[in-house]
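Have a look at the structure below, then the notes.
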Amino acid sequence: MNRLFISLAAFGFAFHSHAAVIKPAAFFSDHAVVQADMPLPVWGTAEPASKVTVSFAGQSAETVVGSDGRWRVILPAIPAGTRGTMSFNQTTEVKDVVAGEVWFCSGQSNMYYPLRINTDAAGELATATDPDIRHFQISANTSATPLDDTSLKDTAWKPASPQTAGDFTATGYFFACELRRALRVPVGLIHASWGGTAIEPWIPGSVLEKHPGYPALLERKRLEIAGWPDVLKESARQISVWESQVAQAKAEGKDPPAKPWLPDPPESGHRMPSQLFNGMVHPVTAFPIRGSIWYQGESNADQGSAEYADFQATLIRGWREAWNVGAFPFYFVQLPNWKNPYDPTGRNWAFFREAQAKTSELIDKTGMIVTLDLGDPDDIHPQDKRALGLRLARLALADTYGKPFITRAPALQKWEVDGNRVLLDFGDAAKDIVTRGDDLTGFEIAAADGVFQTARAVRDVGKIAVSHSAIAAPAHVRYAWTNSPVPSLFHRNGLPVAPFRTDSLK
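Rendered as structure tokens:
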């Protein structure tokens with residue numbers, strides 16, 4: 035009898051010990067940043083039918099674990115700056131949890147671009163000593179169906195330090211630094227990006243499949259797949275030519291040309307519609323955020339710009355629907371200046387920038403930063419992300435947090451033909467426009483035939499007069515309308531005037 039009692043007691047102890055094992059979701063790990071001033075859902079897994087009590091900052095909530103082993107509670111909104119230990123049944127603890135501002139950072143390689151290769155990386159890392167800037171990296175993953183947070187592997191919050199910040203998104207890091215300076219609250223960055231990706235894989239299938247352009251998108255994908263063998267043949271030809279050029283350059287003591295680039299197969303997950311949303315965004319959507327910053331477009335720019343604005347608006351609506359925390363702000367980067375050797379027209383990126391700018395007309399609580407002065411004409415990956423992150427942050431500080439920042443340069447208000455000139459009117463804001471350099475550059479003018487010529491531009495009583503000696507009857511003007519323009523118009527605070535063209539205006 036005694037042995038039976040001891041055996042049963044031991045079994046009971048083992049059962050209760052197993053039942054007490056609580057595994058919070060990956061977001062609730064040491065150093066977590068939770069979104070302040072919003073109801074806080076907390077969830078995880080445990081033994082079915084067991085009870086879970088979550089406590090943080092004087093608040094607690096309890097629930098019973100479902101038959102699937104999952105549990106979820108909602109804590110009341112936590113004020114910014116609150117910090118402490120989050121406990122689960124007083125047996126499991128997550129330490130150094132802070133309430134602050136959480137931003138989701140996504141896009142392609144220029145968002146992925148890490149701080150350790152930014153300009154003056156050594157100096158930046160030496161000063162990356164603010165533990166209240168924290169980074170949560172989502173590993174590269176694709177899926178044909180939406181995944182939840184249980185798909186996140188080897189993820190954890192990392193406070194900024196010289197040892198950790200090198201792997202942070204550089205754009206996001208500088209964005210967070212400026213928010214910290216202005217708001218004096220912790221800032222958490224959740225980072226999910228993948229180099230070389232178009233926008234379509236990032237859009238939720240639930241909205242993409244309803245988009246009028248979805249059938250055409252599928253047809254393009256079908257043709258890409260069917261044409262892949264020809265792409266491989268052409269790539270082999272280019273490699274053969276390149277190898278000969280390398281041998282010749284070596285013999286002549288010259289630098290060899292760059293190796294031709296071959297895209298990944300069109301059926302790769304990160305090139306398929308919605309698969310990046312499913313694998314890298316959907317797992318995050320149960321975790322409240324304040325907003326999102328987005329740096330993407332390079333992979334769409336040479337495919338044509340006609341539908342991009344609508345696709346980006348569709349992405350924003352889909353993300354907001356998936357997060358279900360309201361119409362959170364979405365701030366994005368207009369592509370900077372780059373020569374783009376793959377574009378014989380020299381203007382693909384100009385038209386694409388116009389498509390990006392239209393997003394704000396289609397959907398509210400969005401904003402775009404102009405970066406014509408921040409790119410590298412010879413490198414699609416500008417190495418200094420500091421000014422770029424700063425502009426994104428000040429846009430967020432003004433539009434989301436109500437801080438008194440000027441975040442947009444003056445825009446063209448109206449224009450008129452005056453003899454052999456076109457007069458550009460920036461309204462009352464014209465007084466804030468300054469010229470960088472000795473001359474007003476970047477202007478082109480055309481007659482009704484639409485053939486644009488490099489133009490002369492001068493200031494004229496609060497307006498800018500544009501002309502060309504060979505064009506007696508001008509019809510339209512364009513400004514900064516090339517892949518890699520040299521901008522000359524700026525707001526007095528340093529923000530560049532956005533590219534524009536009058537031939538798109540009614």
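35 is the number of the first residue of the sequence shown in the working numbering; add one for each residue after it.
All C-beta atoms in this analysis are idealised placements derived from N, C-alpha and C, irrespective of residue type, glycine included.
Is the separation between the beta-carbon of residue i and that of residue j shorter than 8 Å?
i      : j      : result
Trp449 : Val492 : no
Leu422 : Tyr365 : no
Phe524 : Arg442 : no
Gln69  : Val136 : yes
Gly409 : Pro370 : yes
Ile233 : Phe345 : yes
Ile505 : Gln487 : yes
Ala111 : Val98  : no
Gly380 : Asn517 : yes
Gly476 : Tyr513 : yes
Pro521 : His316 : no
Ala204 : Pro165 : no
Thr79  : Arg104 : yes
Val131 : Ile224 : no
Lys399 : Ala216 : no
Leu159 : Pro196 : yes
Ile467 : Val500 : no
Asp333 : Gln142 : Note on identity: in this sequence residue 333 is Ser, with Asp being the wrong assignment. Cβ distance < 8 Å, so Ser333 and Gln142 count as in contact.
Ala178 : Asn312 : yes
Tyr329 : Asn144 : yes
Taking the straight line between their C-alpha atoms, what separation do you get for residue i and residue j?
i      : j      : result
Asp154 : Lys419 : 11 Å
Val359 : Val88  : 22 Å
Pro294 : Arg455 : 45 Å
Thr161 : Lys244 : 47 Å
Ser326 : Leu424 : 15 Å
Gly331 : Leu406 : 15 Å
Ala95  : Leu74  : 11 Å
Ala260 : Pro238 : 25 Å
Gly115 : Gly352 : 30 Å
Tyr146 : Met120 : 31 Å
Val128 : Leu242 : 38 Å
Thr126 : Arg354 : 32 Å
Val495 : Gly453 : 16 Å
Ala91  : Arg117 : 7 Å
Ser86  : Ser101 : In the sequence as presented, Ser is not what sits at residue 86; that position holds Val. C-alpha separation (whole angstroms): 14 Å.
Leu474 : Leu529 : 16 Å
Arg168 : His502 : 54 Å
Ser308 : Tyr248 : 11 Å
Ala44  : Ala356 : Confidence is the limiting factor: at Ala44 the pLDDT is only 46, short of 50, which leaves the residue's position unreliable, though a coordinate-based value still follows. Each residue's alpha carbon lies about 46 Å from the other.
Phe49  : Ile397 : Model confidence at Phe49 stands at a pLDDT of 41, short of 50, so the residue's coordinates are unreliable; what they give is reported in the following sentence. Using only the alpha carbons, I get a separation of about 54 Å.
Glu277 : Ala292 : 10 Å
Met306 : Ala320 : 24 Å
Ile273 : Phe534 : 39 Å
Ser240 : Ala250 : 17 Å
Could you tell me which residues DSSP puts in a beta bridge with residue i?
i      : result
Glu127 : Ser121
Asp452 : Arg455
Arg490 : Ser501
Met402 : Phe366
Ala226 : Ser140
Ala480 : Phe486, His510
Gly78  : Pro58, Trp105
Trp191 : Phe170
Ser89  : Ser94, Ser121
Can you list, in chain order, the residues of its chain with a C-beta nearer than 8 Å to that of residue i? Leave out the 5 residues immediately preceding and following it.
i      : result
Ala190 : Ala60, Ser63, Asp64, His65, Phe170
Ile108 : Pro73, Leu74, Pro75, Val76, Ala95
Arg324 : Gln69, Glu135, Val136, Trp137, Phe362, Pro363, Thr434
Pro290 : Gln279, Val280, Ala283, Lys284
Asp298 : Gly230, His304, Arg305
Asp377 : Asp336, Trp383, Asn517
Which residues in the same chain have their Cβ closer than 7 Å to the Cβ of residue i, if we skip the five residues on either side of it in sequence?
i      : result
Gly391 : The sequence given here has Ala at residue 391, not Gly. Same-chain partners within the cutoff: Gln368, Met402, Ala532.
Leu310 : Thr176, Trp228, Thr231, Pro235, Trp236, His304
Ala463 : Pro444
Ser269 : Pro294, Leu296
Gln447 : Asp459, Phe460, Gly461
Glu341 : Gly247
Trp515 : Arg381, Ala384, Glu478, Pro533, Arg535
Glu258 : Pro300
So, under 8 Å CB-CB, residue i and residue j are touching, yes? Tell me the CB distance rounded to an integer number of Å.
i      : j      : result
Ser173 : Asp188 : 7 Å
Leu266 : Phe202 : No, Leu266 and Phe202 are not in contact; Cβ-Cβ is about 37 Å, not under 8 Å.
Ala210 : Val221 : 4 Å
Pro322 : Trp262 : Actually they do not touch by this definition, with Cβ atoms about 41 Å apart.
Pro411 : Lys373 : 5 Å
Ser140 : Ala226 : 5 Å
Phe439 : Leu426 : Phe439 to Leu426, Cβ: 12 Å. No contact.
Ala481 : Ala507 : 6 Å
Within the same chain, show all residues whose beta-carbon is closer than 6 Å to that of residue i, passing over the 5 residues directly before and after it, in chain order.
i      : result
Ser339 : Phe385, Phe386, Ala389
Asn382 : Ala335, Asp336
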